Amino acid sequence: MLVSGSLAVEAAESIISALPEEQLYQIAIVTPQGEEEYVYDVLFQVDKSSGQVLVTTTGSGYTMESRYDQDLKLLQSEMLVVQERDVARVGFDRRSSVYDPEENRIFLAFYLNDRLQDTREIYLKEEGTEIEVLGIYLQSLLLQNRTDFHGNLVDLNGTGRYILDSSVLADKQVSDLARKKNTAPQIQELLADPDQVEVFSIGYDGILRWFFPTRFNVVLEAEAPHRILAFWAGSGDLLRYHLYRYQE
């Protein structure tokens, strides 16, 4: 599952200004029992001269190339489904996503053999950041000595837009999180020393938190440049952990 959030940033400094120019991660999707179900690569490339970020995702099941502006708002994205069995399951082999600034919406089009199958629109009442870049968004905040993440989280693969708030977990909360039922052993190891990590817990704000208690958890290194370590959300049979391994 991919998601994202938004934050009002002072005009003097963009979100991407603090980020490393290039980061390559290998990401494993892990079950609560620690089994790796799927592995793929994500390359983040920051072009500060143009004020854009290129994110390239490469895996055996799909590939994707997405561009974002200086505040990590989605500009456009193109996803290709590689395997025929996945095409049969989802009903498309290409998904195109484009941000429309006049309508403040993201327009998605789904194609099969170059024929349009369906369209979808996600309207953004406020700025929104897509889940693909949630990790580097939080990384940028930490590099600016900030933790004030809140706003809209955009999921192109799911229900659309979430209005969320967040907190950074204290040491005891990190230890409690590591001991929760169904925590993958790799995640337990990451959280073993709370001094080595920063953990953002992101969830619904206001009254919705009583009806939708699930939270998104993002783990980053405590020391600069605050590499991404893990991300997960959900519960029960749907619970999966995204384990990030930085590639030197």
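In terms of numbering that gives the first Met the number 0, the sequence shown opens at residue 0 and continues consecutively. Note that beta-carbon positions come from the ideal geometry of N, C-alpha and C, so glycine has one too. From a predicted model like this one, the values you see are computed outputs, not experimental measurements.
My output table needs one value for residue i: the three-state DSSP class, helix, strand or coil.
i, result
"Glu77", "strand"
"Asp164", "strand"
"Gly50", "coil"
"Gln32", "coil"
"Gly60", "coil"
"Ile14", "coil"
"Gln195", "helix"
Do residue j and residue i count as a contact pair if the criterion is CB distance below 8 Å?
i, j, result
"Gln25", "Val38", "yes"
"Asp40", "Leu18", "no"
"Ala229", "Tyr243", "yes"
"Tyr110", "Asp99", "no"
"Ile28", "Arg226", "no"
"Leu256", "Ala223", "In the structure as shown, the chain starts at 0 and stops at 247, and residue 256 therefore has no counterpart that could be examined."
"Leu133", "Val218", "no"
"Gln195", "Ala221", "yes"
"Val97", "Val89", "no"
"Ala108", "Ser95", "yes"
"Arg104", "Leu74", "no"
"Leu190", "Ala169", "no"
Skipping 5 residues on each side, what residues in its chain have a beta carbon closer than 7 Å to that of residue i?
i, result
"Thr146", "Leu140, Val167"
"Asn181", "Pro31, Leu238"
"Pro184", "Gly33"
With respect to the alpha helix (DSSP H) encompassing residue i, which residues constitute its N-terminal and C-terminal limits?
i, result
"Ser96", "No alpha helix (DSSP H) holds Ser96; the beta strand (DSSP E) holding it covers 93 to 99."
"Ile227", "Where Ile227 is concerned, there is no enclosing alpha helix (DSSP H), although the beta strand (DSSP E) it sits in stretches over 227 to 232."
"Ser174", "170 to 177"
"Asn85", "Checking the displayed sequence, the identity of residue 85 turns out to be Asp instead of Asn. Note, Asp85: alpha helix (DSSP H), 83 to 89."
"Gln116", "Unbroken run through Gln116 is the beta strand (DSSP E), 114 to 122; no alpha helix (DSSP H)."
Which residue marks the beginning of the beta strand (DSSP E) containing residue i, and which one marks its end?
i, result
"Gln44", "35 to 46"
"Ile135", "First-last for Ile135: 133 to 142, but that is the alpha helix (DSSP H), not the beta strand (DSSP E)."
"Leu219", "215 to 220"
"Leu242", "239 to 245"
"Gln185", "Careful: Gln185 lies outside any beta strand (DSSP E), inside the alpha helix (DSSP H) at 184 to 189."
"Arg104", "104 to 111"
Assuming the contact rule is C-beta atoms closer than 8 Å, residue i and residue j should be a hit. Round their C-beta distance to whole Å, please.
i, j, result
"Thr128", "Lys72", "6 Å"
Spatial neighbours of residue i within its chain, please: C-beta separation below 6 Å, excluding the five flanking residues on both sides.
i, result
"Gln69", "Ser13, Ile15, Gly50"
"Glu64", "Thr55, Glu77"
"Gln44", "Glu21, Leu53"
"Leu42", "Leu23, Thr55"
Apart from the five residues on each side of it in sequence, which residues of its chain come closer than 8 Å, Cβ to Cβ, to residue i?
i, result
"Phe148", "Gly4, Leu6, Tyr136, Leu137, Leu140, Ser165, Phe199, Ile201"
"Asp85", "Gly60, Tyr61"
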